[in-house]
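First residue of the sequence shown? That's 1 in the numbering used here, and the numbers climb one at a time after it. Down below is the structure, laid out as structure tokens.
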Amino acid sequence: MPNPAANHTKTGLIYFNTDPSVIRVIRGSCFTASPKSVIFTLAYIIKVIVERRLTAEVVRRRRAEKRVRELHHELLRSQENERHRIALDLHDSVIQELSAVPLEYEALFGYDKRMSHRAVAKSEELNDILRNLVRSLRSLVYGLRPLPWISSVWSLR
1 MPNPAANHTK TGLIYFNTDP SVIRVIRGSC FTASPKSVIF TLAYIIKVIV
51 ERRLTAEVVR RRRAEKRVRE LHHELLRSQE NERHRIALDL HDSVIQELSA
101 VPLEYEALFG YDKRMSHRAV AKSEELNDIL RNLVRSLRSL VYGLRPLPWI
151 SSVWSLR
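What follows is the structure, given as structure tokens:
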């Protein structure tokens, strides 16, 4: 029995015989085909290969886009965590200490009758500056609280 692949050239998925009308597809059988049907068969095989590559590219891009979204959400979460940490640090240290200064200042100079009107006015001005500073810091800390919309973004993960 003659070996059907003896005078064939292997190129990828298809064996081509020296006679162009005979091809053998791997795991298939030898068949006789017209050049037109060979071209259509090759065109179909190329179409399948291109479709698979395009599908693989689409899958790769979707995975990359998903990873970019995940990294973006992670960045937002990190920023919000840092904002929360800074707000707590400011509230627990700087604001608490600054809040005590106007009270101590009033205790020191508030009831001293020997002070001149100019000194009293200046001490009240400094006291107002300190109160405004504390108010501004509290407002800043309030602004550092996590944004209300961030929980909806985090839930997208």
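Glycine included, C-beta positions come from ideal geometry on N, C-alpha and C. Note that the structure is a prediction, hence the values are computed from the model and not measured.
Rounded to whole angstroms, what is the Cα-Cα separation between residue i and residue j?
{"i": "residue 106", "j": "residue 95", "result": "18 Å"}
{"i": "residue 128", "j": "residue 86", "result": "26 Å"}
{"i": "residue 135", "j": "residue 98", "result": "10 Å"}
{"i": "residue 43", "j": "residue 36", "result": "10 Å"}
{"i": "residue 50", "j": "residue 68", "result": "27 Å"}
{"i": "residue 117", "j": "residue 133", "result": "24 Å"}
{"i": "residue 56", "j": "residue 81", "result": "37 Å"}
{"i": "residue 34", "j": "residue 45", "result": "17 Å"}
{"i": "residue 70", "j": "residue 119", "result": "60 Å"}
{"i": "residue 139", "j": "residue 52", "result": "57 Å"}
{"i": "residue 65", "j": "residue 72", "result": "10 Å"}
{"i": "residue 54", "j": "residue 74", "result": "30 Å"}
{"i": "residue 100", "j": "residue 131", "result": "10 Å"}
{"i": "residue 60", "j": "residue 79", "result": "29 Å"}
{"i": "residue 62", "j": "residue 39", "result": "34 Å"}
{"i": "residue 88", "j": "residue 108", "result": "30 Å"}
{"i": "residue 58", "j": "residue 77", "result": "28 Å"}
Can you tell me whether residue i is buried or exposed, with buried defined as 16 or more other CB within 10 angstroms of its CB?
{"i": "residue 48", "result": "exposed"}
{"i": "residue 144", "result": "buried"}
State the CB to CB distance for the pair residue i and residue j, rounded to an integer number of angstroms; the pair is presumed to be in contact (CB under 8 Å).
{"i": "residue 141", "j": "residue 84", "result": "Not confirmed; about 10 Å, so no contact."}
Kindly indicate which residue of the options has the alpha-carbon position closest to the one of residue i.
{"i": "residue 125", "options": "137, 139 and 102", "result": "102"}
{"i": "residue 93", "options": "137, 54, 121 and 59", "result": "137"}
{"i": "residue 104", "options": "89, 123 and 88", "result": "123"}
Determine whether the Cβ of residue i lies closer than 8 Å to any Cβ atom of chain D.
{"i": "residue 123", "result": "Chain labels in this structure do not include chain D; a single protein chain is all it has."}
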